[in-house]
């Protein structure tokens, strides 16, 4: 029992720290996932969840930091009983979320480990269930985990962890994630990722006499009724499936992915930060003079963007892109992406708008 207690202590502590660090690395992405949960719950459970949406970013940083702090507090065994109770309450909450998502197929990716590790809803629920059991074991075996630091030292370590965690999260929000786990990270070639890495293979789910049977080739027996076709190797499919750029004149996706392009990304114009457009406009002008084509992509309507671009004096042709894709590419509003024949050469938060020398140095 002593060995089991120490194993659970180490496993739970490390996993909570890892989970919190992955999420606080990208607080905007975590906030987007929370908004998705709030949207689902406001429809299915109670409209009161809609009230939490404006606080998604705050909750993103707070909950991610809390995971790290509780994980560290557990490992240093500071106020062990209180920490275990807090962990139990948190994992019960997470278990409810993942079970609801899995059972009702509402949120297909829980975001437990951000974009670093994708889990199916049932995998997420299983992970939380295992953690729940381990925390319960720890609550009943605390006697095998005596404190090894003075209370003041444990408190200091925990407090310092809290300050560092919040600081890390806020810095990532004001700039960009420290590590980009998304398909549009620097170095990736978008056209390549739009193609499958290997031919997709499928299996056919057929019905006969009320029973399901699977075939890798479509059966010729007419007694079978087709139910669905499922990919056998979905991991070999395209990593990017929804990158499309257009305007009223037609599709411009290939144009964006050809040559040197400086892309200014503006999500909702109502929420776009206007403070750094003087620097962005200088960069746009300098890029054009150096043969780098500036373009703007937005998910706002043409009417709204026309008003916005005159307000900030953004003199570059603009195009449209899906809002979800835009949020996936860039965690800033506005943000800047440098493309060379579809390869991502640079990404910047508007707070870190580069000069033309930095841009040219990447081409």
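Residue numbers (the working numbering): 4 to 366. Ideal Cβ positions, reconstructed from N, Cα and C, are used throughout, including at glycine.
Residue i in three-state terms, based on DSSP
{"i": "residue 254", "result": "strand"}
{"i": "residue 46", "result": "helix"}
{"i": "residue 289", "result": "helix"}
{"i": "residue 352", "result": "strand"}
{"i": "residue 321", "result": "strand"}
{"i": "residue 346", "result": "strand"}
{"i": "residue 35", "result": "helix"}
{"i": "residue 300", "result": "strand"}
{"i": "residue 120", "result": "strand"}
Among the options, the one whose alpha carbon lies nearest that of residue i
{"i": "residue 173", "options": "154, 140, 232 and 27", "result": "27"}
{"i": "residue 322", "options": "310, 286 and 256", "result": "256"}
{"i": "residue 127", "options": "314, 103 and 147", "result": "103"}
{"i": "residue 320", "options": "327, 312 and 70", "result": "312"}
{"i": "residue 301", "options": "272, 283 and 47", "result": "272"}
{"i": "residue 296", "options": "335, 252 and 344", "result": "344"}
{"i": "residue 327", "options": "38, 90 and 57", "result": "38"}
{"i": "residue 217", "options": "45, 21, 206 and 13", "result": "206"}
{"i": "residue 16", "options": "251, 248 and 94", "result": "94"}
{"i": "residue 20", "options": "10, 213, 97 and 71", "result": "71"}
{"i": "residue 107", "options": "96, 97, 124 and 120", "result": "124"}
{"i": "residue 325", "options": "358, 277, 267 and 249", "result": "249"}
{"i": "residue 1", "options": "42, 164, 332 and 97", "result": "Outside the modelled stretch of the chain, which goes from 4 to 366, sits residue 1, for which no answer is possible."}
{"i": "residue 135", "options": "247, 69 and 14", "result": "14"}
{"i": "residue 145", "options": "52, 236, 203 and 5", "result": "5"}
{"i": "residue 9", "options": "314, 141 and 84", "result": "141"}
{"i": "residue 203", "options": "176, 183, 80 and 236", "result": "236"}
{"i": "residue 183", "options": "359, 364, 333 and 22", "result": "333"}
{"i": "residue 166", "options": "64, 181 and 22", "result": "64"}
Extent of the continuous beta strand (DSSP E) to which residue i belongs
{"i": "residue 103", "result": "Here residue 103 belongs to no beta strand (DSSP E); instead the alpha helix (DSSP H) covers 83-107."}
Delimiting residues of the alpha helix (DSSP H) encompassing residue i
{"i": "residue 342", "result": "Here residue 342 belongs to no alpha helix (DSSP H); instead the beta strand (DSSP E) covers 338-343."}
{"i": "residue 27", "result": "5-27"}
{"i": "residue 330", "result": "326-332"}
{"i": "residue 71", "result": "59-78"}
{"i": "residue 307", "result": "305-315"}
{"i": "residue 51", "result": "It is not in any alpha helix (DSSP H) - residue 51 carries neither H nor E in the DSSP assignment."}
{"i": "residue 335", "result": "Careful: residue 335 lies outside any alpha helix (DSSP H) and carries neither H nor E."}
{"i": "residue 359", "result": "359-364"}
Through-space distance from residue j to residue i, alpha-carbon basis
{"i": "residue 2", "j": "residue 73", "result": "Not covered by the structure: residue 2. The range shown for the chain is 4 to 366."}
{"i": "residue 329", "j": "residue 244", "result": "13 Å"}
{"i": "residue 239", "j": "residue 221", "result": "21 Å"}
{"i": "residue 66", "j": "residue 149", "result": "27 Å"}
{"i": "residue 159", "j": "residue 82", "result": "12 Å"}
{"i": "residue 350", "j": "residue 304", "result": "24 Å"}
{"i": "residue 155", "j": "residue 75", "result": "15 Å"}
{"i": "residue 171", "j": "residue 352", "result": "16 Å"}
{"i": "residue 198", "j": "residue 40", "result": "31 Å"}
{"i": "residue 294", "j": "residue 263", "result": "8 Å"}
{"i": "residue 30", "j": "residue 24", "result": "10 Å"}
{"i": "residue 341", "j": "residue 281", "result": "19 Å"}
{"i": "residue 189", "j": "residue 348", "result": "6 Å"}
{"i": "residue 168", "j": "residue 36", "result": "19 Å"}
{"i": "residue 336", "j": "residue 260", "result": "21 Å"}
{"i": "residue 225", "j": "residue 91", "result": "54 Å"}
{"i": "residue 253", "j": "residue 34", "result": "33 Å"}
{"i": "residue 192", "j": "residue 339", "result": "17 Å"}
{"i": "residue 355", "j": "residue 153", "result": "43 Å"}
{"i": "residue 157", "j": "residue 78", "result": "10 Å"}
{"i": "residue 105", "j": "residue 18", "result": "21 Å"}
{"i": "residue 231", "j": "residue 213", "result": "15 Å"}
{"i": "residue 215", "j": "residue 201", "result": "28 Å"}
{"i": "residue 186", "j": "residue 195", "result": "11 Å"}
{"i": "residue 275", "j": "residue 308", "result": "11 Å"}
{"i": "residue 316", "j": "residue 120", "result": "41 Å"}
{"i": "residue 56", "j": "residue 88", "result": "27 Å"}
{"i": "residue 99", "j": "residue 12", "result": "23 Å"}
{"i": "residue 284", "j": "residue 265", "result": "12 Å"}
{"i": "residue 130", "j": "residue 122", "result": "9 Å"}
{"i": "residue 101", "j": "residue 51", "result": "20 Å"}
{"i": "residue 210", "j": "residue 241", "result": "30 Å"}
Cutoff 8 Å: residue i Cβ touching any chain C Cβ
{"i": "residue 155", "result": "The structure shown has no chain C; it contains just one protein chain."}
| task | Quick one: which unbroken alpha helix (DSSP H) runs of 4-plus residues sit fully inside the segment 218-276? Chain order, please. | result | Qualifying alpha helix (DSSP H) stretches, in chain order: 256-259.
| Segments assigned alpha helix (DSSP H), at least 4 residues, entirely inside the segment 137-214 | As far as the segment 137-214 is concerned, its whole alpha helix (DSSP H) runs of at least 4 residues are 154-177 and 193-196.
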